[in-house]
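Numbering of the sequence shown is given in our numbering, commencing with residue 491 and proceeding in unit increments.
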Amino acid sequence: MPSNTTKKEISFTSEVRVRFAETDPLGIVWHGNYIQYFEDGREAFGRHHGISYLDQKDHNFSTPIVKSSCEHKLPLSYGDVATIKTTYVDSQAAKMIFKYEIFNPKGAVVCTGETVQVFVELGGELSLVIPKFFAKWKKKVGLLDE
Numbered sequence: 491m492p493s494n495t496t497k498k499e500i501s502f503t504s505e506v507r508v509r510f511a512e513t514d515p516l517g518i519v520w521h522g523n524y525i526q527y528f529e530d531g532r533e534a535f536g537r538h539h540g541i542s543y544l545d546q547k548d549h550n551f552s553t554p555i556v557k558s559s560c561e562h563k564l565p566l567s568y569g570d571v572a573t574i575k576t577t578y579v580d581s582q583a584a585k586m587i588f589k590y591e592i593f594n595p596k597g598a599v600v601c602t603g604e605t606v607q608v609f610v611e612l613g614g615e616l617s618l619v620i621p622k623f624f625a626k627w628k629k630k631v632g633l634l635d636e
């Protein structure tokens, strides 16, 4: 009997090199820059999976962040190449939830986090239902069966 369970998460892994300007006087990444790394991962995810900010704009939407969280485990230093795993977590609501894991060059988790974004029509109206283009994308990537 075939399983009718739906895939609930998709992810993409990207890399970022820690820039000098992102570090404190000790050469350690300042804590606020991890949110920027989340955005780097989210943008790479969007380009890879066909749901980038420009794709959203083409459909007259933006997706501002309404919630973010970040938990620091270990530091990154100037020159490190960090790996960012960005995972889209499916929701039936009109929002996008992403989880992040950032790894140091040795593969240890240095930071985890989450962001929540909502759909806003360009011009300011909050969408309370999933936009048609987003439902079409979810179907294309296997998150919707219908």
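Yeah, the Cβ is synthetic: ideal placement off N, Cα and C, and Gly gets one too.
Since we're looking at a predicted model, the values are computed, not measured.
Item	Value
Can you name the residues that DSSP bridges to residue 624?	Residue 624 is not bridged to any residue.
Just to confirm before moving on: does the CB-CB distance between residue 588 and residue 577 stay below 8 Å?	yes
How would you label residue 550, buried or exposed, when you count the other beta carbons within 10 angstroms and need 16 or more for buried?	exposed
Ignoring anything shorter than 3 residues, give me the beta strand (DSSP E) runs that lie fully in the stretch 560 to 622, in order along the chain.	571 to 579, 585 to 593, 599 to 608
Check residue 507 in the structure and name its three-state DSSP category.	strand
Taking the alpha helix (DSSP H) that residue 530 falls in, what are its first and last residues?	523 to 539
Verify whether the separation of the beta carbon atoms of residue 566 and residue 594 is less than 8 Å.	yes
Please list, in chain order, all residues of the same chain as residue 523 whose beta carbon is under 7 Å from its beta carbon, the five residues on each side excluded.	512
Using 8 Å as the threshold, is the stretch 598 to 607 in touch with the stretch 539 to 550, meaning 3 or more CB pairs across them?	no
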